[in-house]
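K.L.:
Under full-length UniProt numbering, the sequence shown has 137 at position 137, and the numbering climbs by one with no breaks.
From the three backbone atoms N, C-alpha and C, an ideal C-beta is built for every residue, glycine too.
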Amino acid sequence: MLMDKIYEIVKEIQSISKLINKKISNNTKCEKFTLSAFMILNQLRSGKVKTLTELGKTLGIPNSTVSVIVDRLVNMGIVRRERDKDDRRKVLLCIESEGIDQDEQIFKYHMDNFGKLFRNASEEEIKHILKGLKTLENVIMRG
1 MLMDKIYEIV KEIQSISKLI NKKISNNTKC EKFTLSAFMI LNQLRSGKVK
51 TLTELGKTLG IPNSTVSVIV DRLVNMGIVR RERDKDDRRK VLLCIESEGI
101 DQDEQIFKYH MDNFGKLFRN ASEEEIKHIL KGLKTLENVI MRG
């Protein structure tokens, strides 16, 4: 019985994820940025220069994946690599002004779209959604 419920949770998460992606991913300007790329830009925008390894650990993404995404962002002129002055073995990642602009536009785009998705939700429904998400997060963190 418990495994049936767990399977149902997994299916609901997949279904919601697909639905959100379908509803939100219709802007060609934002389509060139995967969620992982957006999260990397967001981390770099926080002001702290980071290495690939630090980004991977912070975001829970394998270094190989971070490396591929960063390569793409570097080629787009949004991120640049710099050698650490104190430790030449370290490569630091910095966001360019173009990256900050892109990050702001993508954030605004997603917030506007999420606003549209939830515009018909009541205050009570929003509270239930938040409570459920926080419960899910707590259960996963204990697991």
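Based on Cα-Cα distance, which residue from K57, L133 and G99 lies nearest to I16?
P.N.:
Nearest C-alpha to I16: L133.
K.L.:
Does the pairing of the segment 6-15 with the segment 67-84 give three or more beta-carbon distances under 8 Å?
P.N.:
Contact fails: fewer than three Cβ-Cβ distances are below 8 Å.
K.L.:
Are the CB atoms of L55 and V66 within a distance shorter than 8 Å?
P.N.:
Against a cut-off of 8 Å, the Cβ pair of L55 and V66 comes out as a contact.
K.L.:
Taking Cβ positions, are F38 and I106 nearer each other than 8 Å?
P.N.:
The answer is yes: Cβ separation under 8 Å.
K.L.:
Quick one: Cα of Q43 to Cα of L2, how far?
P.N.:
Going by the C-alpha atoms only, they are around 37 Å apart.
K.L.:
Assuming E137 is part of the alpha helix (DSSP H), what are its boundary residues?
P.N.:
Start and end: E123 to R142.
K.L.:
Ends of the beta strand (DSSP E) at I16?
P.N.:
Looking at the DSSP string, I16 is not in any beta strand (DSSP E); the run it does join, the alpha helix (DSSP H), is L2 to I24.
K.L.:
Quick check: what's the CA-CA separation for K22 versus N113?
P.N.:
Their Cα atoms are separated by approximately 11 Å.
K.L.:
Would you mind reading off the limits of the beta strand (DSSP E) that contains R81?
P.N.:
Unbroken beta strand (DSSP E) run through R81: V79 to R83.
K.L.:
Over what stretch of residues does the beta strand (DSSP E) that includes I61 continue unbroken?
P.N.:
Taken as a continuous stretch (DSSP letters only), I61 belongs to no beta strand (DSSP E), as it is neither H nor E.
K.L.:
Starting from V49, trace the beta strand (DSSP E) both ways and give me its first and last residue.
P.N.:
That residue, V49, is in no beta strand (DSSP E); it is neither H nor E in DSSP.
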